[in-house]
Amino acid sequence: MNGYIALIRYPADSIEWLVTFPDLPGCRASGRSMDDALVNGRTALSAHLAEIALSGRSAPAAREPGDMLLAANDDPALAAQMVGAVLRVIEPEADEAVTVSASVAGDKVGFYGEVRRSA
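By my numbering, the letter at position 59 of the sequence shown is numbered 319, and the numbering carries on one by one without gaps.
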């Protein structure tokens, strides 16, 4: 599998669809429609993976859908995230150019990723 499992849901207290990636904490996106959320999720995934690579770390292994479902049996937090969610594997686009900017403030480094699609 080349992508990461996304949990897509429409929270009751929101006006947008929310996309999160349990294997990539902090990687999230949203959109007014499910289609918009999926497109934004792919962009967020690409930028997040670029930030990980730029920092010299390895991206965590992506779980297979069945493995994630089994893990939810032992992880109440994961199980709670999955309630009412659609699970979908999202793959980063191979033909995207990713620009990542880094800023340093004291001992903290911040990253901002931008993904531009090739024409």
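Beta carbons: idealized from backbone N, C-alpha and C, even for Gly.
- Short of 8 Å from the beta carbon of P271, and not among the five residues preceding or following it, lie these beta carbons of its own chain, in chain order: L278.
- Taking a cut-off of 8 Å for Cβ pairs, the region 289-297 and the region 323-332 do not touch, as fewer than three such pairs fall below it.
- In terms of Cβ geometry, P320 and D283 form a close pair [threshold 8 Å].
- One Cα belongs to E311, the other to S318, and the distance between them is close to 10 Å.
- By the criterion of a C-beta distance shorter than 7 Å, L309 is surrounded in its chain by A319 and P352, once the five residues flanking it on both sides are discounted.
- Where S306 is concerned, there is no enclosing beta strand (DSSP E), although the alpha helix (DSSP H) around it starts and stops at M294 to L314.
- Pairing C287 with V346, the inter-Cα distance amounts to about 17 Å.
- For G326, the uninterrupted alpha helix (DSSP H) run begins and ends at P325 to D334, by DSSP.
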